[in-house]
Amino acid sequence: MATQDIQSNERLVEKLAQKTAEVHVLKHIALNINSTLDLDQIYDLVLGTMDEFFGFRHSIILLLEDSDTLRVVASHGHENQPLGGTVPVGTGVIGTVAKRRRLMRVNNLRPQRAYFSTIRRQMEEAGRASELGKIVPVPGLPDAESQIAIPLMIKDRLIGVFSVESREQRTFSDDDEALATIVANLAASAIQNARLYRLVEERRSELAEAHDHLKQLNETLEDRVSARTRELEQTNRELRETQVQLVQSGKMASLGMLAAGIAHEINTPIGAIHSNADVERRAIGVIRDVLQDPAFPEKLRDQPRLKHTFKIFDDINRVTLEATERVIKVIQSLKSFARLDEPELELVNLHEGLDSTLTLINHLTKDRIEVVRNYGELPKVQCYASQINQVFVNLLTNAAQAIKETGTITITTHQDGACAVIEVADTGGGIKPEHLDRIFDPGFTTKGVSVGLGLGLSITYRIIENHRGSIDVRSELGKGTILTVRLPMAPPRSYLAEDQTVTVPLG
Amino acid sequence: MIPGKILAFLEHEGTVAVSGTRDANLIPAIHYVSGWDVEPDKRTIRCSIPQAFTDLIASLEDNGQFSLTIEQIGSHETYQFKGDYVGSARPNEADMAAHEQVKARFAKVVNQVFGLPQEMCRAYISRPSLVIRFTVREIFLQTPGPGAGHRLVPPEEE
Amino acid sequence: MGAVELPDQIKPVMQNGIPAIVVTCSADGIPNTTIISQVYYVDKTHIALSFQFFNKTIRNVRENPQACVALNDLEGNAKWILDVQYDHSETEGPIFDEMDMQIEAIASATGMSGIFRLRAADIYRVRSFKKVSFSPASLQGVTHGDTGYTKQRASG
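These protein sequence lines map, in sequence, to chains Y, S and U.
The numbering used here puts the first sequence at residues -7 to 499.
The numbering used here puts the second sequence at residues 9 to 166.
The numbering used here puts the third sequence at residues 2 to 157.
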């Protein structure tokens, strides 16, 4: 009995030592497997350690590729088998383990395979081949005697299979099975971690890329939106101006035609009156000469009533002549101003345009505003005369309207290089600073809705812009406003739109 | 009685044999067989039984029912012989020679198929201490597969 | 006495891949001896045999539940003889799955899935067992090599 006890103790000690060694190896695997996220390192660690310490010479790791297929991702001790071999789920030991998600230990693999093959052969010989299925080659040792295949599970989900085979007659024990199971569980977690990490990295980089792309798009979009907004604003303004111009020009055109018609209709009778007055004056002269004849009784010749009557004739004729001349001048101004017969770009004497305009707005200035014509040397300027005249009407009308009671409008012209400069200064109330940068906007007015459309300066701006000129404003509240127009003497023709709206100016 | 093909199998190919009996309560028992030989009448088989399995005489003398199954390990070719107990004897030289042959074949084949050492296999086939003689009444094909269970002798009626 | 319990050391023998032997007996008293590929350990008092084909063994135990099973332990130079009694058949559950899986694993790779299919796991209760082992002397060819064996039998 004593001998038996000693032997029993020795066995226990031996077993304890073995278990301790196993625990150390497992600890080694557990510690190292979690220190890497590299799948190949994980495979090497698992398969290498199993070989080195537990004598599992032939092992493979397969991962589930899709629901039907496992693919060999790591192999140890299968020198002639390249990685990447596949196993259909449900086929062979590995495929069956994957299908059932249950560990399997087979200890008589080769005899069983031989047994099944023998029966297969017998059935083929018995003419029953049609009952047989395909022989499916599976990765691993063709002559394995024993095999443990363990499903790699993450919770309830299969991710692959870990398989160990042996050609040795020594079959895998319960201890081997337990050991392989622990390692398989460690491996499953590590593999999943690594795969998740890889996935996260991929997703992160995809996200970063997408983010960059989006950012780029956003930036481009912002630029595009802002450019487009500017374009739209510009288009909107142009559209509004065009609308305004269309309205205005329609109005102006009809007024212009009316004015031209009036001028024409008045011209003839006024001409007749004027020439009649002249004829009358000369006829009176003839009568005077006749009265000086010595044959004409002196008593009658010196009669005071006759002398008085002649004086009345002289005065009337003078007034008639003066009045008709003035009317003729107005009519000429009107004709000159409307320029209905001159829609082409032409060389224009700006001073004439200014003078005509002043004649037409005389009713605004008469008796309360002194107009100072400070004209300098100014060659003719190439422009659309009717449009420029409209500019003058707008500038001078505004100037006159800015002066509430009495004051002065000073018109100064001079040449500045290739430009003609026209400055209109008034001594009116001035423009509020907050309105200054809006005065050229269509629809902006300080006159109240009933006074005007608020279009004058906007049209002015547009006409000058079309002529490639410029306009600016200086104003001081309570002191007055100076508007300065600069027009190129000869703007490149291409700058001037071919379809300029013919605007007929009128105050 | 025993067809020539099966006689040849018994003489040259069978590698492992086991026998069965049953007692008065129909409780079956297994008896390992360490060797066999066919008597000249070609219907009586002599089975060598190791000492550990010789507790079968009582049953045999009571009811005489005996079954013997012999397989060729590897090919799985297997036959079952059912028959009636005739008598028992101590193994003679021929029985011992047959036993040695069987032991050698067994060791060789098991070594090939299962990879176990031949010496270990030889030790597994124990020396016989008793010979059971029985006359074959029926022979069944027991090779796994499509014809398994088919009675060869007497031929099954189709 | 309580029920006979199988020792743990029998498990590796059941898993060693060496075929086992089953003897049954028909109701009219004819014994039937077969060689089977595997005996499955269920628990300390039960084993299972696979029922793949309808054969004499299956027929016999359904008319006479008594059976005798022998396990071969070549490495341990021992033969385990089990007196068992057919209890019931299972067509699902862990035992069935385990046995079915083993068959499917091999059959599926050899194109034999249509042929080898587990119909049932036949569960047997262990009534008694004996281990027939051999002394080292017998390995050296001693004439009376067969040495003592132990035998237990449950009461009743």
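We put the beta carbon where it would ideally sit given N, CA and C, even for glycine.
Values in this document were obtained by computation on a predicted structure and should not be read as measured data.
Boundaries (first-last residue) of the alpha helix (DSSP H) holding residue 117/Y: Working through the first sequence from its first residue, we reach residue 117/Y at position 125. Residue 117/Y -> alpha helix (DSSP H) spans 101 to 117.
Contacts of residue 178/Y in chain U (Cβ-Cβ under 8 Å): In the first sequence, the residue the question calls residue 178/Y occupies position 186. By Cβ distance, chain U contributes nothing, its closest Cβ being about 24 Å from residue 178/Y, past 8 Å.
Cutoff 8 Å; reference residue 440/Y; Cβ partners in own chain excluding five residues on either side: Residue mapping note: residue 440/Y aligns to position 448 of the first sequence, counting from 1. With a pLDDT of only 48 at residue 440/Y, under 50, the local geometry of the prediction cannot be trusted, and no value is derived from it.
Nearest residue (CA-CA) to residue 118/U, options 34/U, 75/U, 100/U, 74/U: Counted from its first residue, the third sequence places residue 118/U at position 117. Per the Cα distances, 100/U.
C-beta contact flag for residue 69/U and residue 40/U at 8 Å: Against the third sequence, residue 69/U aligns to sequence position 68. Against the third sequence, residue 40/U aligns to sequence position 39. Their beta carbons are not under 8 Å apart, which means residue 69/U does not touch residue 40/U by this criterion.
Test item: CB-CB of residue 135/U and residue 73/U under 8 Å: Taking the third sequence and counting its residues from 1, one reaches residue 135/U at position 134. Taking the third sequence and counting its residues from 1, one reaches residue 73/U at position 72. Taking 8 Å as the Cβ cut-off, residue 135/U and residue 73/U do not qualify as a contacting pair.
Sub-8 Å separation of residue 66/Y and residue 39/Y beta-carbons: Looking up residue 66/Y in the first sequence gives position 74. Looking up residue 39/Y in the first sequence gives position 47. Contact flag set, yes.
Minimum Cβ-Cβ distance from residue 76/U to chain S less than 8 Å: Indexing the third sequence from 1 puts residue 76/U at position 75. Yes - at least one Cβ of chain S is within 8 Å of the one on residue 76/U.
Delimiting residues of the beta strand (DSSP E) encompassing residue 80/Y: As a working mapping, residue 80/Y is identified with position 88 in the first sequence. Here the beta strand (DSSP E) through residue 80/Y covers 78 to 80.
Local Cβ density within 10 Å of residue 279/Y, reported as buried at 16 or more and exposed below that: For this step, residue 279/Y is matched to residue 287 along the first sequence. Its Cβ having fewer than 16 others within 10 Å, residue 279/Y is exposed.
Residue 299/Y - DSSP class collapsed to helix/strand/coil: Reading the first sequence from its first residue, position 307 is the one you call residue 299/Y. Helix.
Inter-residue Cα distance where the pair is residue 118/Y and residue 15/S: Sequence index remark: in the first sequence, residue 118/Y carries index 126 (1-based). Sequence index remark: in the second sequence, residue 15/S carries index 7 (1-based). Distance between the alpha carbons of residue 118/Y and residue 15/S is about 23 Å.
Any chain U beta carbon closer than 8 Å to residue 104/Y: Walking along the first sequence from the start, residue 104/Y turns up at place 112. Residue 104/Y counts as touching chain U.
Interface flag, residue 120/Y vs chain S, CB-CB below 8 Å: Against the first sequence, residue 120/Y aligns to sequence position 128. Residue 120/Y counts as touching chain S.
Closer than 8 Å to chain Y by CB, residue 21/U: Numbered from 1 along the third sequence, position 20 holds the residue referred to as residue 21/U. No, residue 21/U lies away from the interface with chain Y (no Cβ there is under 8 Å from its Cβ).
Chain U within 8 Å of residue 94/Y, Cβ atoms only: Against the first sequence, residue 94/Y aligns to sequence position 102. For residue 94/Y, the answer is yes, since a Cβ of chain U falls inside 8 Å of its Cβ.
Reduced DSSP secondary structure (H/G/I, E/B, other) of residue 88/Y: Position 96 of the first sequence, counted from the first residue, corresponds to residue 88/Y. Residue state, collapsed to three classes: helix.
Per-residue burial, residue 209/Y [other beta carbons within 10 Å of its own, 16 or more giving buried]: Stepping through the first sequence from its first residue, residue 209/Y is reached at position 217. Residue 209/Y comes out exposed.
Helix, strand or coil at residue 76/U [DSSP, three-state]: If you number the third sequence from 1, residue 76/U lands on position 75. If DSSP states are grouped into helix, strand and coil, residue 76/U belongs with coil.
DSSP-derived helix/strand/coil call for residue 355/Y: Sequence index remark: in the first sequence, residue 355/Y carries index 363 (1-based). Residue 355/Y: helix per DSSP, three-state reduction.
CB contact below 8 Å: residue 155/U versus chain Y: Looking up residue 155/U in the third sequence gives position 154. Since pLDDT at residue 155/U reaches only 37, below the 50 mark, its modelled position is unreliable, and the value read off the structure follows with that caveat. Chain Y, which has no Cβ nearer than 8 Å to the Cβ of residue 155/U, makes this no.
Own chain residues within Cβ distance below 7 Å of residue 29/Y, not counting five before or after: Locating residue 29/Y in the first sequence gives position 37, where the first residue counts as 1. Cβ within range, chain order: 185, 186, 189.
Positions along the segment 116 to 133 of chain S whose CB lies within less than 8 Å of some CB in chain Y: 121, 122, 123, 124
Per DSSP, cross-strand counterpart(s) of residue 152/Y: For the purposes of this step, residue 152/Y is taken as the residue at position 160 of the first sequence. In DSSP, residue 152/Y forms a bridge with 55/Y, 144/Y.
Whole-angstrom distance between residue 50/S and residue 174/Y, CA atom to CA atom: As a working note, residue 174/Y is residue 182 in the first sequence. As a working note, residue 50/S is residue 42 in the second sequence. Going from the Cα of residue 174/Y to the Cα of residue 50/S covers about 60 Å.
Closer than 9 Å at the beta carbon, the chain U residues around residue 27/S: Start at 1 with the first residue of the second sequence, and residue 27/S comes out as number 19. Result: 24, 32, 34.
Integer-rounded CB distance, given that residue 91/U should sit under 8 Å from residue 97/U: The residue given as residue 97/U occupies position 96 in the third sequence. The residue given as residue 91/U occupies position 90 in the third sequence. Yes, they are in contact, since the Cβ atoms of residue 97/U and residue 91/U sit about 5 Å apart, within 8 Å.
Within 8 Å, strictly: CB atoms of residue 22/Y and residue 133/Y: The count along the first sequence starts at 1 and reaches residue 22/Y at position 30. The count along the first sequence starts at 1 and reaches residue 133/Y at position 141. Contact: no.
Against chain Y: residues of the segment 110 to 134 of chain U by CB proximity under 9 Å: 110, 111, 112, 113, 114, 115, 116, 117
Between the CA atoms of residue 7/U and residue 71/U - distance to the nearest angstrom: Translated into the one-based positions of the third sequence, residue 71/U becomes position 70. Translated into the one-based positions of the third sequence, residue 7/U becomes position 6. About 14 Å.
Beta-carbon neighbours of residue 124/Y, restricted to chain B and to distances below 8 Å: Absent from the structure is chain B; the protein chains it does hold are Y, S and U.
Buried or exposed by the 16-neighbour rule on C-beta atoms within 10 Å, applied to residue 443/Y: What you label residue 443/Y is simply residue 451 of the first sequence in a count that begins at 1. Only weak support is given to the placement of residue 443/Y: the predicted model assigns it a pLDDT of 40, under 50, and the value that follows is read from those uncertain coordinates. By the 10 Å Cβ count, residue 443/Y comes out exposed.
Residues in the segment 122 to 148 of chain Y having any Cβ partner in chain S nearer than 8 Å: 137
Contact check, residue 322/Y vs residue 373/Y, beta carbons under 8 Å: Position 330 of the first sequence holds residue 322/Y. Position 381 of the first sequence holds residue 373/Y. No, the Cβ-Cβ distance between residue 322/Y and residue 373/Y is not below 8 Å.
Residue 163/S in three-state terms, based on DSSP: Counting from 1 along the second sequence, the entry for residue 163/S is found at position 155. Correct three-state label for residue 163/S: coil.
Option nearest residue 358/Y by Cα separation, candidates 211/Y, 401/Y, 343/Y: To locate residue 358/Y, count along the first sequence from 1; it is residue 366. Among 211/Y, 401/Y, 343/Y, the Cα nearest to that of residue 358/Y is on 401/Y.
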